[in-house]
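Engineer: Going down the list, the sequences are from chains A and Y.
Under UniProt numbering, residues 1 to 283 are what the first sequence spells out, in order.
Under UniProt numbering, residues 1 to 123 are what the second sequence spells out, in order.
Beta carbons: idealized from backbone N, C-alpha and C, even for Gly.
Keep in mind the model is a prediction, meaning the values are calculated, not measured.
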Amino acid sequence: MGKGERPEHMAPPDIFYNEDEARKYTTNSRMIAIQAALTERALELLALPHDGVPRLLLDLGCGSGLSGEALSEAGHVWMGLDISAAMLDVAAEREVEGDLVLNDLGHGLPLRPGSFDGAISISAVQWLCNADRRGHDPRKRMKRFFETLYACLRRGARAVLQIYPENHQQAEMLVASAMKVGFSGGLVVDYPHSTRAKKYFLVLMVGTSTAVPQAKGLDGSEPEEEEEAQIKMAGRDRFKRRKTGSGMKGRDWVLRKKEQMRKKGYDIAPDTKYTGRKRKHIV
Amino acid sequence: MKLLTHNMLSCHIKGVKNGYPFLIEVIKVSEHEADFDPDFLKHIFPRINWLAFLQGAEAMGCREGLPEAPTETYLEDEQFQKAFHHALLEVTLEEGSLVCPETGRRFPVAKGIPNMLLNEDEC
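1. Which residues, in chain order, does the segment 47-67 of chain A contribute to contact with chain Y at a C-beta distance below 8 Å?
2. Work out the CA separation of Ala-159/A and Thr-39/A for me, nearest whole Å.
3. Tell whether a beta-carbon distance below 8 Å holds between Asp-59/A and Gly-75/A.
4. Just tell me which of Trp-78/A, Arg-94/A, Thr-275/A has its CA closest to the CA of Ile-44/Y.
5. How would you call Ser-246/A, buried or exposed, if buried means at least 16 neighbouring beta carbons within 10 angstroms?
6. Rounded to whole angstroms, what is the Cα-Cα separation between Thr-27/A and Leu-66/A?
7. Is Gly-265/A a contact residue of the ligand GTP, with contact defined as CB to any heavy atom under 7 Å?
8. For Glu-69/A, count neighbouring Cβ atoms within 10 angstroms of its own Cβ and tell me buried if that reaches 16, exposed if not.
9. Hey, how far is the Cα of Lys-240/A from the Cα of Pro-213/A?
10. Please report the residue range of the alpha helix (DSSP H) in which Lys-140/A lies.
11. Does any C-beta atom of chain Y lie closer than 8 Å to the C-beta of Asn-167/A?
12. Between the beta-carbon of Ile-113/Y and the beta-carbon of Met-60/Y, is there less than 8 Å?
13. Which residue from Arg-144/A, Ala-171/A, Ala-37/A puts its Cα closest to that of Asp-104/A?
14. With a threshold of 8 Å between beta carbons, is Glu-226/A in contact with chain Y?
15. Below 7 Å between beta carbons is the criterion; list the residues of the segment 73-103 of chain Y that meet it against any residue of chain A, in chain order.
16. Asn-7/Y: buried (16+ other C-beta within 10 angstroms of its C-beta) or exposed?
17. Ala-124/A to Cys-123/Y, Cα distance in whole Å?
18. Report yes if the C-beta distance between Phe-116/A and Ala-157/A is below 8 Å; otherwise report no.
19. Chain Y partners of Gly-108/A, CB-CB under 8 Å?
20. List the residues of chain Y whose Cβ lies closer than 9 Å to the Cβ of Thr-148/A, in chain order.
21. Are Ser-184/A and Met-142/A close, meaning C-beta to C-beta below 8 Å?
22. Taking Cβ positions, are Gly-56/Y and Leu-89/Y nearer each other than 8 Å?
23. Measure the beta-carbon distance from Met-87/A to Ser-64/A and round it to whole angstroms, keeping in mind my assumption that it falls under 8 Å.
24. Rounded to whole angstroms, what's the CA-CA distance from Ala-47/A to Ala-119/A? Just pull it up for me.
25. Is there a Cβ from chain Y that is less than 8 Å from the Cβ of Met-79/A?
26. With 8 Å as the threshold, decide whether the Cβ of Ile-113/Y is near any Cβ in chain A.
27. Between which two residues does the beta strand (DSSP E) carrying Lys-199/A extend?
28. Give the interface partners of Ile-44/Y over in chain A, defined as CB-CB distance under 7 Å, in chain order.
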């Protein structure tokens, strides 16, 4: 993906996620970790009963099956839908347990009423906010998606859609469209105070008026290092906390950076007493 | 595509009222083992449209051993559980089509994946 550029601005999803991109995405260990963590959280927000009975779930925008695998791990039976044939091919190659369907969410879901116990979506639904082709009406597509999603869920079921909205208007547009077709619920924003850890979940409920679940990190706390993979987009704030007195980078910083680079697999010179020592100021 | 999926799929072409169940045209079917879980079978059984399931099983060649009109009590019988499990989750359509019963529109199935993308005039 381009540095800091949103995929949604580069091409429609079925073109952006071509064979190369699909393979890169799926073999990227950071991506795997992020998807697993997001799916865990989505499952938490789905609030399925803990009775050991597998549920029948939808994975909307399932892509190459990273999130679906997490659903299988949790013991559920799932069906995945995606618009990219290349991504689905990768999923099929990896022999994911869920059945896969090639489908555009903006066309609606080709499903019988009340057929599913729940639905999740990881990083996909924001694609509906853009007009990818001439003649696309995003609002009409969004409406079609939400009304068919509402119809295919059983009473009391939830849909948890993790999204990367470009801006607040997009998030609001999605919430409004969902509410209009009859869903209750709303937006849950985890770690709202952190640029890099902030995550948006659209939590939608059919036929109940339960309160929207509580978000994580409202007190300003951040997720633990191991849980949270780094997001390329807002890396700058990582170093904001580490100000040395004189505003210059001290020995500590140098040692930390070297260790970081070693972990990434670069060949770094060993640390000695000379590492990061103050040099003579030569004019 | 397994018969569990087929049982839930319905035609979403604009204006179609009777787009369920899809007729199955088989070119290639495969079988593979799936985890046997009676809890899931009991959970999903009430939701299965049995007539559609039988039609699908007939097309995919796994109709044998499935009763005409089972009730909840059948779920206690291990033989029924095994037959149900096998047809629902272990037989997959690799190549073929799903045909809308109302419009006759064919949705191709390739590498086990049904292509449900609609044309401009269908959505």
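Structural biologist: From the atom records:
1. Gly-52, Val-53, Pro-54, Arg-55, Leu-56
2. 12 Å
3. no
4. Trp-78/A
5. Legend: pLDDT at Ser-246/A = 47, less than 50; position of this residue unreliable, no value from coordinates given.
6. 10 Å
7. Within the structure as shown, the ligand GTP is missing, as the structure has no ligands at all.
8. buried
9. Its pLDDT being 42, under 50, Lys-240/A is placed unreliably by the model, and the measurement read from it follows with that caveat. Computed Cα separation, rounded: 31 Å.
10. 138-152
11. no
12. no
13. Arg-144/A
14. Confidence at Glu-226/A is low in this model, with a pLDDT of 45, below 50, so its placement is unreliable and no value can be given for it.
15. none
16. buried
17. 20 Å
18. yes
19. His-12, Cys-123
20. His-12
21. no
22. no
23. 5 Å
24. 11 Å
25. yes
26. yes
27. 199-205
28. Leu-56
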